[in-house]
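J.: Note that our numbering gives residue 379 to position 111 of the sequence shown, counting from 1, and the numbers run on in steps of one. Even for Gly, the Cβ is constructed at its ideal location relative to N, Cα and C. Since the structure is predicted, the reported quantities are computational estimates derived from the model, not experimental observations. Could you have a look at this structure, given as structure tokens, before my questions?
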Amino acid sequence: AAWRAVVEACVPALVEAWEPIMGVKAGKLAYRNMTSRWGSCQPATGRICINVRLALYPPECLEYVVVHELCHLLERGHGSRFKALMDAFMPDWRDRRAKLREGLGSAAPVGAQAWRAPSAERHPEGRGSRPCAARITRRLGMRGSISIRPRAPYESRRSCPAFVRARSRCPSARGRRAA
């Protein structure tokens, strides 16, 4: 609740200051405790949602997120035009984004750090960078098939040795051919 109060006190002033500079008009402002992003923008309605965890970061990080979301009112994606707009409005935005990506441990959203499976959980024989579907299934305690497909050299997940072994131990796979 304290985080929300800090962010709710700061964001409207930042939006009012940046709207005339950028030539945009934000719609409704919302505040949420999000787990995977710092902010979001709906260009059609102008609604901007800000993560309340930004209260834990320096004020320039909050300002960066506000300008980033306001920029989405001019350009939807994150392409070269978006980056050019960010460079024009806030030349040091990359440094501010780097501060957010450094994180504060558990306060940072999950998506702020790139997740990669440990090397032992990657596909057998070290092929591909995606984790093996069978090992994800076992780690999450799931039964049956899942939608993550292993990459080459296996044509399908059913031909992946790790997946076949996992399916053979699965109670729901009894009586079926695993491969």
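Closest to D360 by C-alpha separation, out of G371, L341, L372, V335, would be which residue?
T.: Per the Cα distances, V335.
J.: Leaving out five residues before and five after H340 in sequence, what residues of the same chain have Cβ atoms less than 7 Å from its Cβ?
T.: Once the five neighbours on either side are set aside, the close Cβ partners of H340 are C309, P311.
J.: What first and last residue would you give for the alpha helix (DSSP H) that runs through A252?
T.: Here the chain covers residues 269 to 447 and nothing more, so residue 252 does not appear.
J.: What is the residue span of the alpha helix (DSSP H) that S348 lies within?
T.: Unbroken alpha helix (DSSP H) run through S348: 348–357.
J.: Could you tell me which uninterrupted beta strand (DSSP E) segments, each at least 3 residues in length, are contained entirely in the segment 271–352, listed from first to last along the chain?
T.: Within the segment 271–352, the complete beta strand (DSSP E) runs of at least 3 residues are 297–300, 307–310, 315–319.
J.: Quick check: E287 and K296, are their CB atoms within less than 8 Å of each other?
T.: Not closer than 8 Å, so no.
J.: Please report the Cβ distance between L368 and Y299, rounded to the nearest whole angstrom; I am assuming they are in contact, meaning their Cβ atoms lie under 8 Å.
T.: The pair is not a contact, with the Cβ atoms about 17 Å apart (cut-off 8 Å).
J.: How close, in whole Å, do the beta carbons of R315 and N301 come, if the pair is a contact with beta carbons under 8 Å?
T.: With 8 Å as the limit, R315 and N301 do not qualify as a contact, their Cβ atoms being about 17 Å apart.
J.: Whole angstroms is fine: what's the gap from A269's alpha carbon to A356's?
T.: Answer to the nearest angstrom: the Cα atoms are 35 Å apart.
J.: Could you check what DSSP says for S415 in three-state terms: helix, strand or coil?
T.: Low confidence applies to S415: its pLDDT is 39, below 50, so where it sits in the model is not reliable, and the reading given next is rough at best. Looking at S415 - three-state DSSP - the assignment turns out to be coil, as it is neither helix nor strand.
J.: Note down, in chain order, each residue of its chain lying with its Cβ closer than 6 Å to the Cβ of L338, except the 5 sequence neighbours on either side.
T.: Excluding sequence neighbours, L338 sits near W286, M290, V292.
J.: Going straight from the alpha carbon of E370 to that of R272, what length do you get?
T.: So the alpha carbons of these two residues sit roughly 22 Å apart.
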